[in-house]
Amino acid sequence: MSWMDGFKFDLDEDCKMLQQAARTFAEGEVAPLAAKIDREHYFPRELVQKMGSMGFMGACVPTEYGGAGLPQIAYCLIVEELAAACASTSIIMSAHNSLCLSPIVEFGSSEQKKKYLPALASGQKLGCFSLSEPGTGSDAAALTCTVTKHGEEYIVSGAKNWVTNGPVADVCVLFATLDKGKGYKGVTAFVHELALPGIVRGKPEDKLGICGSPTCGITYNEVKLTKANILGEEGKGFNVAMSTLNGGRLGVAAQAIGIARAALRDALQYSKERKTFGQPISEHQTIQNYLADMIIGIDSARYLTLAAASAKDRGEKYVRQAAMAKLLASETAMHAATKCVQIHGGYGYVKDFPAERHLRDAKITEIYEGTSEIQRLVIAGSLLKE
Ligand SMILES: Cc1cc2nc3c(=O)[nH]c(=O)nc-3n(C[C@H](O)[C@H](O)[C@H](O)COP(=O)(O)OP(=O)(O)OC[C@H]3O[C@@H](n4cnc5c(N)ncnc54)[C@H](O)[C@@H]3O)c2cc1C
């Protein structure tokens, strides 16, 4: 057992084997591509295929629909291993799983599950989630993408923004309103193929970090859907969105822990090699304080994340715990990545070392699937309700 494993959590043998398989794959096949993925904004299609064959692209999908049927706790362990090697790759995989497959599993009809899940779970097709818009992010209930009913048809018009996997995805979970005046009660969720007349994808965003995870806006110009595309019930889409994001926060927490781990790994190695005042900088007490704070954050965030995942697996309440895990893990990732750059001195500020990439990659975990400000509102709100 190494520092990377943290506290002894009550993992069963299957989980331990999966974690080891994910680590071997991440270190052997993902890590060597990480710099290229970042520098060239390269979408690693070959890794998506391999993750499909390893069962990672349908991690929590029931086996009857071609998934691996894993518990959330195993999913989080896999995401962490991927993120420790390459944040972009972990996000491609976790947005697909958490944001597209999970609402189909939770809310889809058996026809929708049969239609969409097998190809998605094998990694043959890629999924995305379209909730945010140019004018609404945190205040998702204020969305304006509109759907109007014409007989059997549901016609969608409007603009969606920031769709992770959007430029390359095949299937989308979409949120649109039938009646804006009804607020969240007007929102309906849909699942649909992206190759439909009237759908236009914007150009990929030029982002600060996670550069291999492609993101774009999607415009719907009178796109024809039918009742068969409704995910869950008409007018109950906001519940689909919130439930999806509650679960998704576990995936973001795991990404953030992986990024923080990469920052600590690189900081440890560099601090043992770099000498100042006649000794490795790892011998200076201030540097040791930084390293100590990094591992404390990582172990605490992982413990909280696995506890929240395990609560979800047992069917217990986990919303506050998932928000706490996402908040702690993302702030830990930013702290660890900042200290990793600091420990590298000037070399932390240039692209010859991965330290600056960790810092750029870490920042997104404080923003998407609910910003840190929104997580604090969720956490305090749930406390005040008790
Ligand atoms: C790279 C990337 C990938 C993304 N992927 C997806 C995706 O796949 N699908 C999707 O639907 N969305 C996605 N998003 C959108 C993301 O979830 C939103 O950007 C995020 O929820 C914040 O919304 P916003 O950008 O509109 O900021 P705003 O909501 O405008 O917030 C701006 C600032 O105000 C703060 N704030 C807002 N309201 C409050 C409040 N009540 N109290 C205190 N502070 C507040 C926020 O915390 C933030 O600091 C992605 C975003 C990015 C950048």
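Each step along the sequence shown adds one to the number in numbering that gives the first Met the number 0, with nothing skipped, and position 269 is 268. The C-beta atom is built at its ideal place from N, Cα and C for all residues, glycine as well.
Where does residue i fall in DSSP's three states?
i, result
"Ser381", "helix"
"Ile295", "helix"
"Asn164", "coil"
"Cys144", "coil"
"Thr214", "strand"
"Lys350", "coil"
"Gln278", "strand"
"Gly57", "helix"
"Lys112", "helix"
"Phe6", "coil"
"Cys99", "helix"
"Gly185", "helix"
"Thr370", "coil"
"Cys171", "strand"
"Tyr74", "helix"
"Arg264", "helix"
"Ile36", "helix"
"Ala67", "coil"
"Lys362", "helix"
"Phe42", "coil"
Cβ of residue i within 8 Å of Cβ of residue j?
i, j, result
"Arg319", "Ile378", "yes"
"Glu63", "Ile256", "no"
"Thr214", "Thr135", "no"
"Glu441", "Ser156", "Residue 441 is absent from the model: the chain starts at 0 and stops at 385."
"Thr331", "Gly296", "yes"
"Gly107", "Leu230", "yes"
"Gly388", "Gly201", "Nothing about residue 388 can be read from this structure; the chain reaches only from 0 to 385."
"Lys338", "Tyr289", "yes"
"Thr225", "Glu110", "no"
"Thr370", "Ser137", "yes"
"Ala310", "Lys316", "yes"
"Ile294", "Trp2", "yes"
"Gly51", "Leu116", "no"
"Leu449", "Ala240", "Since the first residue of the chain shown is 0 and the last is 385, residue 449 is not available in this structure."
"Thr243", "Leu98", "yes"
"Gly211", "Asp37", "yes"
"Phe189", "Asn160", "no"
"Glu192", "Ala158", "no"
Would you decide whether residue i is buried or exposed? Buried here means 16 or more other CB atoms lie within 10 Å of its CB.
i, result
"Val199", "exposed"
"Val349", "exposed"
"His149", "exposed"
"Ala86", "buried"
"Gln374", "buried"
"Leu326", "buried"
"Leu81", "buried"
"Met0", "exposed"
"Arg22", "buried"
"Glu12", "exposed"
"Asp9", "exposed"
"Ala94", "buried"
"Gly197", "exposed"
"Phe128", "buried"
"Pro353", "buried"
"Met92", "buried"
"Gly380", "exposed"
Could you check which residue in the options has the C-alpha nearest to that of residue i?
i, options, result
"Asp312", "Asn220, Tyr74, Thr62", "Tyr74"
"Asp169", "Val155, Ala158, Ala194", "Ala194"
"Ser68", "Val222, Ser129, Ser101", "First, the residue type needs correcting, since residue 68 is Gly and not Ser in the sequence shown. Nearest of Val222, Ser129, Ser101 to Gly68, Cα basis: Ser101."
"Phe42", "Ile217, Val29, Gly54, Gln19", "Val29"
"Thr147", "Ile103, Asp360, Tyr219, Glu372", "Tyr219"
"Gln18", "Arg38, Ala158, Leu76", "Leu76"
"Thr145", "Val186, Gly126, Pro166", "Val186"
"Met386", "Pro166, Ala321, Gly122", "The displayed coordinates of the chain run from 0 to 385. Any statement about residue 386 would go beyond what the structure contains."
"Ala335", "Tyr346, Leu358, Pro353, Ala324", "Leu358"
"Met56", "Ile366, Thr88, Ile36", "Thr88"
"Ile209", "Leu382, Val60, Ala83, Asp11", "Ala83"
"Lys223", "Gly182, Glu232, Ala175", "Ala175"
"Leu382", "Glu233, Ile366, Ala322", "Ala322"
"Ile72", "Asp351, Asp265, Arg38, Gly246", "Gly246"
"Asp178", "Lys274, Pro196, Gly234", "Gly234"
"Val167", "Asp351, Ala34, Arg44, Leu305", "Arg44"
"Gly347", "Gly211, Asn238, His40, Ala266", "Ala266"
"Ala390", "Val251, His191, Asp37", "No information on residue 390 is available, as it lies outside the stretch 0 to 385 that the chain covers here."
"Glu368", "Gln254, Ala33, Asp298, Leu263", "Gln254"
"Gly180", "Cys171, Leu142, Pro203", "Leu142"
"Asn238", "Leu173, His283, Phe24", "Leu173"
"Gly126", "Cys171, Glu132, Tyr269", "Cys171"
"Lys206", "Gly5, Glu39, Lys7, Pro31", "Glu39"
"Ala262", "Leu249, Ala291, Pro279", "Ala291"
Is residue i near ligand 2, in the sense that its beta carbon is under 7 Å from a heavy atom of that ligand?
i, result
"Glu330", "Ligand 2 is not among the ligands present in this structure, which contains only ligand 1."
Would you say residue i faces chain C, with C-beta separation under 8 Å as the test?
i, result
"Lys35", "Judged by its chain identifiers, the structure shown contains no chain C, having just a single protein chain."
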